[in-house]
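A.B. asks:
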Amino acid sequence: MPSFSARIINWQRKHGRHDLPWQGADAYRVWLSEIMLQQTQVATVIPYYERFIARFPDVATLAQASEDNVLAHWSGLGYYARARNLHRAARAVMEHRNGEFPRDYDAIHSLPGIGRSTAAAICALAYNARHAILDGNVKRVLARYLSVQGYPGEKKIEDLLWQRAESLLPAHDIATYTQGLMDLGATICTRNNPQCANCPLHEDCAARRQGLTAKLPSARPKKKLPEKHCIFLLLMSGRDLLLEKRPNNGIWGGLWCPPQLESSFDIKEYCRQLLGINAARITTLPAFTHTFTHFKLHIAPKRVNLKSHLRPPLKPGVIWLDVSEAKDAAIPSPLRKLLKKL
Ligand code: SF4
C-alpha cells in the first residue's frame, strides 16, 4: 500500500480543492486566509477574505490602515484579537523587515497572532517548506487514523498528535500534502458522518476498523459555561446612537459598543450621574444571549431617546453614529443584529 503521505498527495491532486481564492497566492494572502480560517468555516471566510483583500491588497496597505478600519472589515467574523494581531504583525513586517513577509519559520512564528500550526501552514503552502501542521481538521484525521483516545485539546494528547504529524511528513510535495490533509478533514473526514468509503486512508484507518469513527476524536470534557448578565444602553438621539470604543483586552476588544452596564445598574441614575442627562423614558427591548467560548452573556437592551440639544458632551473613545452607518462600523455581530431591529 502507498504511504500515508503518498495517498494524501494523490487524493489531493484528484479530489482536493483547487479553487479556493488564496490557493497559489503569496505569503500575505495565505497568512490572511489561515488567520481567518481559525475557528471559522471556509464558506463563511471567502466573502470576508475577498472584501479584506480588495481593501488591503498587500501588507503595506494593511499596516498603513487604522485599526478601526481593519476591525470594520473583520466585523461579524468574531475573535477580533485575530484582526488586531494581523494589523500589529503587518506593522512589524513594515518596521523590521522592510515590508518583506518573512520566509523563515521562526521569524513567521514570532509575529503576533501566528501560532505553531499557522506558521507551519504558511511555510508549507506559500513556500513548500517542510513543516507539519496540526489544526482542528488535521487533529481529527490523525486521531481517527491512528485511533488516538483522549481530548486533542489536552496537552498530552496534543503533543502526541504533533509527534505523529511530524513523523508522517513526506520529503517532497509539502504544499500539496498540507492542502490534502486540510481538504480531507474539511470534506471527507468530517466531524459527523465521515465518508470513509471515499477516503484514501480507508484501508488502514484504525478508527474505521474498530468502529470508532463516531467516538473519535474524544469530545472536550463537559463543563457548564458560566453565565453573565448585562444591559446594553442604547442612547439614541434621532437616528444617532452613542457608542464607546471597548478596551483592547477583553471581549469585543477595540470594537464600538453601546455602554454596557451591570444588570443591577439603575439606568436613570447612571444617565444622571455619569452622562448628566435625564432619561425620562426607558424602553426595554427583547433580551438575547450571546455565547462566547468561555461564557454566555445574557444581554438586556434598554433604549433611551434623547433630544439632540440634550446630548452629553463627548469624551475620547465615544462617538455618535447614525444607525445605518453603525451597521458598517467595527461593531460586534450581536449589536449588528440588534441595530437591524431599531
Ligand atoms: S477512513 Fe473514515 S475515519 Fe478514517 S480517516 Fe478516512 S474518513 Fe476519517
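With this note's numbering as the guide, the letters of the sequence shown map in order to residues 2 to 343.
Beta carbons: idealized from backbone N, C-alpha and C, even for Gly.
1. Here's the rule I'm using: 16 or more other beta-carbon atoms within 10 Å means buried, otherwise exposed. How should Ala55 be labelled?
2. Does at least one heavy atom of the ligand FMN sit under 7 Å from the Cβ of Tyr178?
3. Let me check understanding here. Comparing Cα to Cα, which of Arg192, Arg209, His132 and Arg131 lies closest to Lys140?
4. Leaving aside the five residues before and after Ala130 along the sequence, list all residues of the same chain whose C-beta is less than 6 Å from its C-beta, in chain order.
5. Suppose you measure from the CA of Gln150 to the CA of Ser219; what does that come to, to the nearest Å?
6. Helix or strand or just coil, what does DSSP make of Met2?
7. Among Gly25, Pro195, Asp20 and Ser265, which has the Cα closest to the Cα of Val142?
8. Does the stretch 159-176 touch the stretch 227-238, meaning 3 or more C-beta pairs lie closer than 8 Å?
9. Pick helix, strand or coil for Asp69, following the three-state DSSP scheme.
10. Suppose you measure from the CA of Arg117 to the CA of Pro153; what does that come to, to the nearest Å?
11. Could you check the C-alpha separation between Ala84 and His97 for me, to the nearest Å?
12. Sorted by chain position, which residues of the same chain lie with C-beta nearer than 8 Å to Ala166's C-beta, five sequence neighbours on each side aside?
13. Is DSSP giving Ala26 helix, strand or coil here?
14. Are the beta-carbon atoms of Val60 and Met95 separated by less than 8 Å?
15. Look at Ser148 and Leu217 and say whether their C-beta atoms are less than 8 Å apart.
16. Closer than 8 Å by C-beta to Arg337: which residues in its own chain qualify, once you throw out the five before and the five after it? Chain order, please.
17. Consult DSSP for Val319 and reduce its assignment to one of helix, strand or coil.
18. Using a Cβ-based criterion (distance less than 7 Å to any ligand heavy atom), does Pro195 qualify as near the ligand SF4?
19. Measuring alpha carbon to alpha carbon, tell me which residue in Trp257, Lys303 and Val319 is nearest Ala330.
20. If you check the beta carbons only, do Thr214 and Arg145 fall under 8 Å apart?
21. Run through the DSSP bridge pairs and tell me what Thr300 is partnered with.
22. Which word fits Leu307, buried or exposed, when buried means at least 16 other C-beta atoms lie within 10 angstroms of its C-beta?
23. Would you list, in sequence order, the uninterrupted alpha helix (DSSP H) runs of no fewer than 4 residues that lie entirely inside the stretch 128-215?
24. Need the endpoints of the beta strand (DSSP E) that Asp241 sits in, please.
25. Does Ile123 come out as helix, strand or coil in the three-state DSSP assignment?
26. Taking a contact to mean a Cβ-Cβ separation below 8 Å, would you say Ser264 touches Cys231 in this structure?
27. Give me the Cα-Cα distance between Glu270 and Thr62, rounded to the nearest whole angstrom.
C.D. replies: In terms of the structure at hand:
1. exposed
2. The model on display carries the ligand SF4 but not the ligand FMN.
3. Arg192
4. Cys124
5. 6 Å
6. coil
7. Pro195
8. no
9. helix
10. 15 Å
11. 20 Å
12. Ala133, Ile134, Leu135, Val139 and Leu143
13. coil
14. yes
15. yes
16. Ser76, Gly77 and Lys328
17. strand
18. yes
19. Trp257
20. yes
21. In the sequence as presented, Thr is not what sits at residue 300; that position holds Ile. Partner(s): Cys231 and Phe289.
22. buried
23. 137-146, 156-168, 175-188 and 207-211
24. Asp241 to Lys246
25. helix
26. yes
27. 45 Å
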